[in-house]
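Asker: Chains as they are written, first to last, in my numbering: chain A, 4 to 280; chain B, 914 to 1177.
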Amino acid sequence: MRGWRRFLWFPALLAACLAAALLFLTLPVVAIFVDRSPAELIDSLGEPGALDALWLSLRTTAIAIAIILVIGTPAAYLVATRSFRGRALVITLIELPLVLPPAVAGIALLAAVGPTGILGGTIEALGIELSLTTAGVVVALTFVASPFYVRQAIAAFAAVDRRLLDASRTLGASEARGFLRVMIPSALPGLAAGTALALGRALGEFGATLMFAGSFQGITQTIPLAIYDRFSTEFESALALSAVLVAVSGALLLTVKLVAGAEAMGGWDAADTRAAR
Amino acid sequence: MTRILAVALALAALLAVACGDDDDEGGSNGSGEGGEEQRLIVSAAASMTEALEACASDFGEAEETEVRLNLAGSDELAAQIRQGVEPDVFAAANTRLPDELHDEDLVAQPVEFATNEFVLAVPADSEIKSVDDLRESGIKIAIGSESVPIGSYTREALAKLPPAQEQAILDNVRSNEPDVKGIVGKVSQGAADAGFVYVTDVNATDGALKAIKLPAAVEPEVTYAASTVNGAENPQDAQAFVDGLTNGPCAQALADAGFGSVQQ
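1. Thinking just about the alpha-carbon of each residue, which of L1083(B), D1084(B), T1113(B) is nearest to the one in V1097(B)?
2. Return no unless some Cβ of chain B is closer than 8 Å to the Cβ of G210(A).
3. State the CB to CB distance for the pair F87(A) and E989(B), rounded to an integer number of angstroms; the pair is presumed to be in contact (CB under 8 Å).
4. From the DSSP output, in three-state form, read off V1035(B) for me.
5. In terms of DSSP beta bridges, what is L174(A) paired with?
6. Measure the Cβ-Cβ separation of T3(A) and S60(A) and say whether it is below 8 Å.
7. Between the C-alpha atoms of G1108(B) and A1055(B), what's the straight-line distance to the nearest angstrom?
8. Name the chain A residues whose beta carbon is nearer than 8 Å to that of P1091(B)?
9. Give, in chain order, every residue of the segment 1096–1110 of chain B whose Cβ lies closer than 9 Å to some Cβ of chain A.
10. Am I right that I66(A) and V141(A) are in contact with their C-beta atoms under 8 Å? What's the rounded C-beta distance?
11. Specify the secondary structure class of I1056(B) as computed by DSSP and reduced to three states.
12. Give me the Cα-Cα distance between A1166(B) and A1034(B), rounded to the nearest whole angstrom.
13. Output the distance between the C-alpha atoms of D935(B) and P1000(B), rounded to the nearest integer angstrom.
14. Listing by chain order, which chain A residues have their CB less than 9 Å from the CB of K1123(B)?
15. Three or more beta-carbon pairs under 8 Å between the segment 1114–1121 of chain B and the segment 122–133 of chain A, yes or no?
16. For L927(B), count the other beta carbons within 10 Å of its own beta carbon; 16 or more makes it buried, fewer makes it exposed. Which is it?
17. Give, in chain order, every residue of the segment 982–993 of chain B whose Cβ lies closer than 8 Å to some Cβ of chain A.
18. Ordered along the chain, which non-local residues of its own chain (more than five positions away) have a Cβ less than 6 Å from that of L965(B)?
19. If you run the structure through DSSP and keep just helix, strand and coil, what is S941(B)?
20. Do I1041(B) and the ligand GDP come close, with the Cβ less than 7 Å from some heavy atom?
21. Nearest by alpha-carbon distance to A170(A): which of A158(A), I157(A), R184(A), A159(A) is it?
22. For the segment 232–246 of chain A, enumerate the residues whose C-beta is nearer than 9 Å to any C-beta of chain B, in chain order.
23. Measuring CB to CB, does T64(A) end up less than 8 Å from L202(A)?
24. Put E237(A) into one of helix, strand or coil per three-state DSSP.
25. Enumerate in chain order the residues of its own chain whose CB-to-CB distance from I157(A) is below 6 Å, with the five nearest sequence positions on each side excluded.
26. Can you tell me where the beta strand (DSSP E) holding S1140(B) begins and where it ends?
27. Do T1136(B) and T1008(B) have their C-beta atoms closer together than 8 Å?
28. For V1020(B), collect the residues of the same chain with a Cβ closer than 8 Å to its Cβ; drop the 5 residues on either side in sequence, then sort them by chain order.
29. By the criterion of Cβ-Cβ separation under 9 Å, what are the contact partners of G117(A) in chain B?
30. Which residue or residues does DSSP assign as beta-bridge partners of Q996(B)?
31. Taking P100(A) as the reference, give the member of F151(A), A114(A), T76(A) with the closest Cα.
32. Is the Cβ of T29(A) closer than 8 Å to any Cβ of chain B?
33. Can you check DSSP and say which residues form a bridge with Y1111(B)?
34. By alpha-carbon positions, which one of A211(A), I71(A), G197(A), L44(A) ends up nearest to K2(A)?
35. At a CB distance below 9 Å, what residues from the segment 135–165 of chain A approach chain B? Give them in sequence order.
36. When Cβ atoms are compared, which residues of the segment 1048–1065 of chain B fall closer than 9 Å to chain A?
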């Protein structure tokens, strides 16, 4: 009896917690699909606006992710491989949007690059229009999603065995070559996990988009905004669009994880353990 | 490991507490305890934000209850009630939604309690002088989405214009906002050049925006109506609140904000 108490209560507690977490996290998602056949879901895509929203969401998310990868990967590499004064501050600043409520992100973007914002005049002078445009959606998505990638990329680069890079340098490769041929392939699982998180965040973005870019079919109304627009008058249609978003996000997440190989399945975990080492 | 677990447990506890709170707000759980203050949940149209915030605490003190305002687009509040949320009072920016909910047996007989004026809002220094100026290409307009009252009033008004003019204005619409606050925000931040809102929303900006009246032939009649919600946890205070919208501190606050009184 005492033995049971000593040895089994802890695993039992772990299992109970996991069960509670799984139930709490999956029940709302399952509820979206209950009572709706795949045919009904496909039908709901035929209604005006739904396909527009889906296509807009995919386009803006793809552009935002491309920007995040191209700028974020070298930036993360720099932070991960150099030690410099203020490094901790830099990392904190990069991670800051993670903890901002979307409404704050929207206000902040308006204050910074909105028509009356601090850079508003400059941007207008360049002939660029951001608020109430598709470009504005991309800006909002990039702002809220990039910390998810960059944070993960820094951890992934920091976890790569430095001797690999040093060896390639010894063999005469430039740092740029080492970055492309050694660091990126070695950090790939972590980078892929970061990409998946940023993708999910971008696809689901709502508040900052609505405040900064507005809501207009085909221009700025992404799927989450279309769902909100339908919530009050067409609840069924809102549910159907939600199901589509769950399916698309789930499929994208799975694809990224499969492409990056089995190691990425451990995502955060694998990169964090190596970072700790 | 134990630390992770502790964090997980703390989170779960937090969530449980948060969920419990939600239930109470929905009014479906428990009842006010004798010694404690009662709570009155008022779901009200976003256009009444300033007025109701000004009078809620006065009303609360007089009735010894704590007024909680749930402010959003009327359509969204109605949808919440249809989904089973039970506030004590529903106050909408039109008469259609309360009437519909009454027909569905969800709220009591609605009472018309205020009127508002439907106007065009532009920044104080704008060159736009009338609805006619909205036809020019390059003008950016924010309006309410079709489902929210301000959006249906807007479409109703535009439909009374000559078709070519209506189309030209609709072509310049860049955003369909979920409530009036969104429209006011877009115009005052310069993201949009003009928006259709209520005159009370313009008054609330303290001069940042100015209101342009619409031709009388086009202007829709805007009447607000409120009901107590069937199954409300606090029916007496709910009735007192609805009555107070035409006669009491909230009636005064609505008048101060620029709402008109209903001709009985």
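Just so it is clear, CB atoms sit at the ideal spot from N, CA and C, and this is done for glycine as well.
This one's a predicted model, so the numbers in the text were calculated from it and none came from an experiment.
Answerer: In this structure, then:
1. Reading the second sequence from its first residue, position 184 is the one you call residue 1097(B). Taking each of L1083(B), D1084(B), T1113(B) in turn and checking the Cα distance to V1097(B), the smallest one comes out for T1113(B).
2. Along the first sequence, read from residue 1 onward, the residue named residue 210(A) stands at position 207. Using beta-carbon distances, G210(A) does not count as an interface residue toward chain B, since no partner is under 8 Å.
3. The residue labelled residue 87(A) in the question sits at position 84 within the first sequence. The residue labelled residue 989(B) in the question sits at position 76 within the second sequence. Their Cβ separation, rounded to whole angstroms, is 49 Å, which puts F87(A) and E989(B) out of contact at 8 Å.
4. Indexing the second sequence from 1 puts residue 1035(B) at position 122. The answer is strand: DSSP assigns V1035(B) an E or B state.
5. Working through the first sequence from its first residue, we reach residue 174(A) at position 171. Answer by DSSP bridge pairing: none, since L174(A) is not bridged.
6. Outside the shown range of chain A (4 to 280) lies residue 3(A), about which nothing can therefore be said.
7. In the second sequence, residue 1108(B) corresponds to position 195, counting from 1. In the second sequence, residue 1055(B) corresponds to position 142, counting from 1. Straight-line Cα distance between these residues: approximately 5 Å.
8. Here the question's residue 1091(B) lines up with position 178 in the second sequence. What P1091(B) touches in chain A: L213, S218, Y231, D232.
9. Here the close residues are G1098, K1099, S1101, Q1102, G1103, A1104, A1105.
10. If you number the first sequence from 1, residue 66(A) lands on position 63. If you number the first sequence from 1, residue 141(A) lands on position 138. I66(A) to V141(A), Cβ: 5 Å. Contact.
11. By 1-based counting over the second sequence, the position of residue 1056(B) is 143. I1056(B): strand per DSSP, three-state reduction.
12. Here residue 1166(B) corresponds to residue number 253 of the second sequence, with the count starting at 1. Here residue 1034(B) corresponds to residue number 121 of the second sequence, with the count starting at 1. Between A1166(B) and A1034(B), the C-alpha separation is close to 22 Å.
13. Locating residue 935(B) in the second sequence gives position 22, where the first residue counts as 1. Locating residue 1000(B) in the second sequence gives position 87, where the first residue counts as 1. With a pLDDT of 41 at D935(B), under the threshold of 50, the predicted position of this residue should be treated as unreliable, though the coordinate-derived value follows. Cα to Cα, D935(B) sits roughly 12 Å from P1000(B).
14. Within the second sequence, residue 1123(B) is the residue found at index 210, counting from 1. Neighbours of K1123(B) on chain A: none; closest Cβ ~17 Å, over 9 Å.
15. Flag = no, the segment 1114–1121 of chain B and the segment 122–133 of chain A do not touch.
16. The sequence position of residue 927(B) within the second sequence is 14, counting from 1. Any answer about L927(B) is weak, because its pLDDT of 48 lies below 50 and its placement is not dependable; what the coordinates show is given next. Classification of L927(B): exposed, given that the 10 Å Cβ count is below 16.
17. For the segment 982–993 of chain B, the residues whose beta carbon sits under 8 Å from a beta carbon of chain A are, in order, G986, D988, E989, A991, A992.
18. Within the second sequence, numbered from 1, the residue matching residue 965(B) stands at position 52. Within the same chain, L965(B) has close Cβ partners A957, L982.
19. Within the second sequence, numbered from 1, the residue matching residue 941(B) stands at position 28. Low confidence applies here, because S941(B) scores a pLDDT of 37, under 50, leaving its location unreliable; read the following figure in that light. Reduced to three states, the DSSP call for S941(B) is coil.
20. Inclusion of the ligand GDP in the displayed structure is not the case, the ligand content being empty and no account of it being possible.
21. Residue mapping note: residue 170(A) aligns to position 167 of the first sequence, counting from 1. Out of A158(A), I157(A), R184(A), A159(A), R184(A) has the C-alpha closest to the C-alpha of A170(A).
22. Hits within the stretch, in order: D232, R233, F234, S235, T236, E237, F238.
23. Start at 1 with the first residue of the first sequence, and residue 64(A) comes out as number 61. Start at 1 with the first residue of the first sequence, and residue 202(A) comes out as number 199. In this structure, T64(A) places its C-beta atom within 8 Å of the C-beta atom of L202(A).
24. Your numbering for residue 237(A) matches position 234 in the first sequence. DSSP places E237(A) in coil when its eight states are reduced to three.
25. Reading the first sequence from its first residue, position 154 is the one you call residue 157(A). Correct list, in chain order: A79, V82, A83.
26. Taking the first residue of the second sequence as position 1, residue 1140(B) is located at position 227. Taken as a continuous stretch (DSSP letters only), the beta strand (DSSP E) holding S1140(B) covers 1135–1141.
27. Here the question's residue 1136(B) lines up with position 223 in the second sequence. Here the question's residue 1008(B) lines up with position 95 in the second sequence. Closer than 8 Å, so yes.
28. Your numbering for residue 1020(B) matches position 107 in the second sequence. Excluding positions up to five away in sequence, the list reads I994, F1003, P1011, L1014, S1140, T1141, V1142, N1143.
29. For the purposes of this step, residue 117(A) is identified with residue 114 of the first sequence, where counting begins at 1. Ordered by position in chain B, the residues that pass the 9 Å Cβ test against G117(A) are Q1102, G1103, A1104.
30. Mapped onto the second sequence, residue 996(B) falls at position 83. Residue pairing of Q996(B) in beta bridges, as defined by DSSP: absent, with no partner found.
31. Against the first sequence, residue 100(A) aligns to sequence position 97. Here the closest residue by C-alpha is F151(A).
32. If you number the first sequence from 1, residue 29(A) lands on position 26. Not closer than 8 Å to any Cβ of chain B, the Cβ of T29(A) fails to qualify, so no.
33. Taking the first residue of the second sequence as 1, we reach residue 1111(B) at position 198. In DSSP, Y1111(B) forms a bridge with F1031(B).
34. Chain A is shown only over 4 to 280; residue 2(A) falls outside these bounds and no answer can be derived.
35. Going along the segment 135–165 of chain A in chain order, one finds L135, T136, G139 with a Cβ nearer than 9 Å to chain B.
36. For the segment 1048–1065 of chain B, which is checked against every Cβ of chain A, the residues closer than 9 Å are K1053, A1055, S1058, E1059, S1060, V1061.
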